[in-house]
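Right, one structure below, let's go through it.
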Amino acid sequence: MNLTQGIRLAFGAIWANKLRSFLTMLGVIIGVFAVVALVSLGQGATKRVTDQVREMGSNLITVTITGRGPLTSLTYEEALEMVSRPGVQAAVPTVTGRVTVKFGTTSVETTVEGSTPDYPSVRNHSVEEGRFLSGIDIHNRQNVAVLGAEVADKLFSGVNPLGREIWINGVSFTVVGILNKKGTSMGGSMDDKVMIPISTAQRLLRTAGIRTIFVQAESPDAVQWAVASLEASMIRRFRDANAFRIFNQADILDTMNQVTGTLTMMLAGIAGISLVVGGIGIMNIMLVSVTERTREIGVCKALGAKKRDIMMQFLVESSVISSIGGVIGLALGYGLIRAISNLAGLPVVFSPQVVLVAVVFSLFVGIFFGMYPANKAANLNPIEALRSE
């Protein structure tokens, strides 16, 4: 018996017992469906995190001051000195706080962020209308503001904000620009903020020290060099390695990818249990099939069929059942993730690797769990088989 004959006989046996065959492959359908859907969602989540981290800025390094006591921050001048460190292209000190912003009778609670002219390039956040903050604004402590897209929409629905007067914690500011819409990043909105000169923010928020500095490395290859030089500089400044934290995009990506990767594998493992259960179901039904077809096996052996022919027939049948279940589960999984992507806007990644794993694993389940029934059928004594009713 060749493989083509085995497949033809397998389809004939499946067609003769359509309902039983469908119920047999149901476990495999559910298992492949779950694996495809969960792995695709997990890979989509990983891709979204990766994209969001990359959108935070090019070659971005974040320095935060966490120490206690008298050395809890840097001065504005000390923060700017980071530009002179090896591998560093730009440094943007920032101060932030929660404020109430009003225009006319409309008010919103948002974040005010005091920063410098290099902020758009370092944080990869450009201006859509108007201009960004200038060095003159910082030097003269000008009361000018650049609005995030979300704040602009809330305060100025259908009205051009440029040149308008807003009030931040009771202080008058003139709107000079609007930032491009960025969406969410790392769980927070990049558009729910107001940018003002850092010198003005220090006066508004009554804080002189700088506790957060965004640093841009000269190139991706210079990131580790820049981090090392910044660490050395900060240790000289604070005399304590625990007084500060330095993060770069690679660190954040590695951490987030480990978390999402582990979660994806756990979910895939749980879904894989369904495939094992489906395989056990295939084995049980194939054992029933061997019992029902004992006389048929005896006739085949009496007519010259060899053990390998009988074994191949049942192995091919179990493999075909499992493979059909895998294809159905794959189609259902693809349909679900497309529906989730279109309706809920969640990111999904339907990769060729997922398709390959689903098909190969379902075929493996059919072969592995069909081995015992096939071997049992092949080893039946033809005389005893012919005597069976």
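The opening residue of the sequence shown carries number 18 in our numbering; numbering runs sequentially from there.
Virtual Cβ for every residue (Gly too), placed ideally from N, Cα, C.
- By the beta-carbon neighbour count (other beta carbons within 10 angstroms, threshold 16), V192 is buried.
- Take the alpha-carbon of K323 and the one of A395: they are about 8 Å apart.
- C-alpha of F386 to C-alpha of M300: approximately 5 Å in a straight line.
- If you check the CB distance, T128 and G114 come in under 9 Å.
- Counting every other CB atom within 10 Å of its CB across the protein chains shown gives V276 a total below 16, marking it as exposed.
- Under the 8 Å Cβ criterion, the region 351-360 does not count as touching the region 287-306, having fewer than three qualifying pairs.
- Take A391, set aside five residues on each side of it, and the residues of its chain with a beta-carbon closer than 6 Å to its own are M328, F331 and L332, in chain order.
- Across the set R140, G343, A162 and N398, the C-alpha of A162 shows the shortest separation from the C-alpha of I215.
- The alpha-carbon of G289 is positioned some 17 Å away from that of Q60.
- A Cβ-Cβ separation of about 6 Å places A234 in contact with Q106 under the 8 Å criterion.
- Taken atom to atom, the span from the alpha-carbon of L397 to that of L55 is near 43 Å.
- Going by DSSP, V211 is part of the beta strand (DSSP E) stretching over K210 to P214.
- Residue ranges of uninterrupted alpha helix (DSSP H) with 4 or more members, entirely inside the region 125-187 and ordered along the chain, are 136-139, 152-156 and 166-172.
- Distance from the CA of R65 to the CA of L270, rounded to the nearest whole angstrom, comes to 11 Å.
- Per DSSP, reduced to three states, the secondary structure at V316 is helical.
- Excluding its 5 nearest sequence neighbours in each direction, G194 has C-beta neighbours in its own chain below 6 Å: V144, G147, R148, F149 and V163, listed in chain order.
- Secondary structure note for N265: its beta strand (DSSP E) is the uninterrupted segment F261 to N265.
- DSSP, read as helix, strand or coil, puts A225 in coil.
- Rounded to whole angstroms, the gap between the alpha carbons of N157 and T272 is 42 Å.
- Runs of alpha helix (DSSP H) with 4 or more residues, each lying fully within the region 29-87, are found at 35-72, listed in chain order.
- Here K35 is exposed: its Cβ has fewer than 16 other Cβ atoms, across all protein chains shown, within 10 Å.
- A distance below 9 Å separates the beta carbons of Y93 and Q219.
- Counted as a single uninterrupted DSSP element, the beta strand (DSSP E) harbouring P110 occupies residues V105 to F120.
- By a beta-carbon distance limit of 8 Å, P134 does not contact G121. Their separation comes to about 30 Å.
- Assigned with DSSP and collapsed to three states, F367 falls in coil, not helix or strand.
- Close CB contacts of P137 within its chain, under the 6 Å cut and outside five residues either way in sequence, are with S143 and F149 (chain order).
- Beta-bridge partners assigned by DSSP to F190: I183.
- In the three-state reduction of the DSSP assignment, G200 falls in the coil class, being assigned neither a helical nor a strand state.
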